[in-house]
Amino acid sequence: MSSETAQVKKLADDLTQWLTEDALPAWHAGGIAPDTGECFEVIDLETKAGAPIDRRARVAPRQIYSFLEGARLGWSGPAEDIATRLWAWLSETYRLADGTFAAAVSINNTLTDSRFDLYNQAFVLFALAQMADKIPACASTAETEAKSLLETLYKTYKHPDIGFREDVPDRIPLRANPHMHLLEACMAWEAVSKDPAWSNLTDELAELALTRLIDPVNGGLREFFDLHWAPLPGDEGRTIEPGHLFEWAWLLVRWGTSRRDADALVAARRLYDIAWTYGIDESRGAAFMAINDDFSVRDPIARLWGQTEWIKAAIALAGISAGPEREAYVADISLSVAALSAYFEDVPAGLYRDKWNVDGTFEDEPAPASSLYHIVCAISELNAFAKSL
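Printed below as a string of structure tokens:
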């Protein structure tokens, strides 16, 4: 076994052990209400219990993924029961009359934010794909639910050119991020369904990234756009998030490989290069929140999720590279795992910090449930890469 292989396998084993022995038990015990099956938005680091605050719609779908994928990675807990109860709660509590899902509910399950957000719909589709894939008894119903939601998105929210609108009537800015997660969801469905609708939308969303979202001059990918997919005028339109560059790179490597599209792979390498060169703080060794379109620092806070996307992108690009280039990406796997692991220190086993300040301190706040999905996905990718060596 080469030193590279041994190192990657150890990283995968250590993180998987943390996930299956510490994190998922902690989030099952403190993050899921045993009587109702609902999930909490955060866990308090002192009490290790869920806090009674509003629950955003993205959290339940992400937890469905986290527990189901965690079970595939070796957790022995009741993942299927957790997932099916979470779906029942999500469907009953968040679903609006038009079939879309509201943005947030209170601890008492009253709607506190009924606005449409494509981001939330993407995660509902993603969770349904996980259930179709990992719970055979749910496969048919999950696909029916997903196709119904997709039809509503096309009927009501489809952008006349490409992608989707923010709302009806239109709201600006158009955002890259919901489309990124919709691409992730469609690729998940493409793996479990023969319906061409998923592949067709996957291709459209990849085209959106390659032809509209990515700057044709510098190769960066902005967050905010006007109604015609031009960069949003003003300061907000200059925003680029290194974590999202890594995440888009991961997705475009997957799509470009499956479609044999060399342009997508070139774009992915450039996105990674920008994020690595301008979006990682040397003193912390961590990816930070935002840069401007000239690649200057915009927001130096380093969020946990950005480190997981660095891991995934480094793995994806290592997988399609050779020689010194591959060696550099593999070295980055170790660096990005080290960055992620810093968030696990000095907290109860299985929990984590979320925000790493420039001065080296972490924000003293509860652990957000939404971050677990990022961690699980990175560990899943790391396991798959380790097994391929």
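Letter by letter, the sequence shown follows residues 0 to 388 of numbering that gives the first Met the number 0. Heads up, the beta-carbon is just placed ideally off N, CA and C, and yes, glycines get one too. Just so we're clear, the structure is a prediction, and the values are computed from it rather than from any experiment.
In the DSSP output, what is ILE279 paired with across the bridge?
Partner(s): ALA286.
Residue burial classification, GLN16 (beta-carbon count within 10 angstroms, cutoff 16)
Per the 10 Å Cβ criterion, exposed.
Quick check on DSSP: helix, strand or coil for GLY436?
The structure shown does not extend to residue 436, since the chain spans only 0 to 388, so no value can be given for it.
So what's ILE42 in DSSP terms, helix, strand or just coil?
If DSSP states are grouped into helix, strand and coil, ILE42 belongs with the strands.
Tell me whether the beta-carbon of LEU85 lies closer than 8 Å to the beta-carbon of ILE52.
For LEU85 and ILE52, no; Cβs fall outside 8 Å.
Can we say the segment 356-376 touches the segment 297-312, given the rule of at least three CB pairs closer than 8 Å?
With three or more CB-CB distances shorter than 8 Å, the segment 356-376 counts as touching the segment 297-312.
Measuring alpha carbon to alpha carbon, tell me which of GLY30, ALA96 and SER75 ends up nearest LEU148.
For LEU148, the nearest C-alpha among the options comes from ALA96.
Candidates SER257, GLU68, ALA102 and VAL104: which alpha carbon is nearest MET130's?
Nearest option by C-alpha distance: GLU68.
Output the boundary residues of the beta strand (DSSP E) element that contains VAL296.
Run containing VAL296: 296-298, per the beta strand (DSSP E) assignment.
In the DSSP assignment, the alpha helix (DSSP H) including LEU149 goes from what residue to what residue?
Per DSSP, LEU149 belongs to the alpha helix (DSSP H) from 138-156.
What residues in its chain sit with their C-beta under 6 Å from that of PHE470, if we drop five residues either side in the sequence?
Since the displayed the chain opens at 0 and closes at 388, residue 470 lies outside it and no answer follows.
Is it buried or exposed, MET179, if we count other Cβ atoms within 10 angstroms and call 16 or more buried?
It is buried - the Cβ of MET179 has at least 16 other Cβ atoms within 10 Å.
I think PHE245 touches ALA286, with their Cβ atoms under 8 Å apart; what is that distance to the nearest whole Å?
PHE245 to ALA286, Cβ: 7 Å. Contact.
Contacts around ASN25, its chain only, beta-carbon distance under 8 Å, and the 5 residues preceding and following it disregarded:
Checking the sequence shown, residue 25 turns out to be Ala, not Asn. Excluding positions up to five away in sequence, the list reads ILE42, LYS47, PRO347, ALA348, GLY349 and LEU350.
Cα separation between PHE224 and PRO241?
Here the C-alpha atom of PHE224 lies approximately 17 Å from the C-alpha atom of PRO241.
Comparing C-alpha positions only, which one of ASP293, GLY218 and ALA187 sits nearest to TRP254?
Of ASP293, GLY218 and ALA187, the residue nearest in Cα terms is ALA187.
Excluding sequence positions up to five away, which residues of its chain have a Cβ less than 6 Å from the Cβ of LYS396?
Coverage of the chain is limited to positions 0 through 388, which leaves residue 396 absent and any answer about it impossible.
Whole-angstrom Cβ separation of ALA121 and LEU181, contact assumed at under 8 Å?
Correct: roughly 4 Å between the Cβ atoms.
For ASN382, count neighbouring C-beta atoms within 10 Å of its own C-beta (all shown protein chains included) and say buried if the count is 16 or more, exposed if not.
Flag for ASN382 reads buried.
Continuous beta strand (DSSP E) stretch holding ASP112: start and end:
From DSSP, the beta strand (DSSP E) with ASP112 extends over 110-112.
Kindly indicate the opening and closing residues of the alpha helix (DSSP H) around LEU117.
Unbroken alpha helix (DSSP H) run through LEU117: 117-133.
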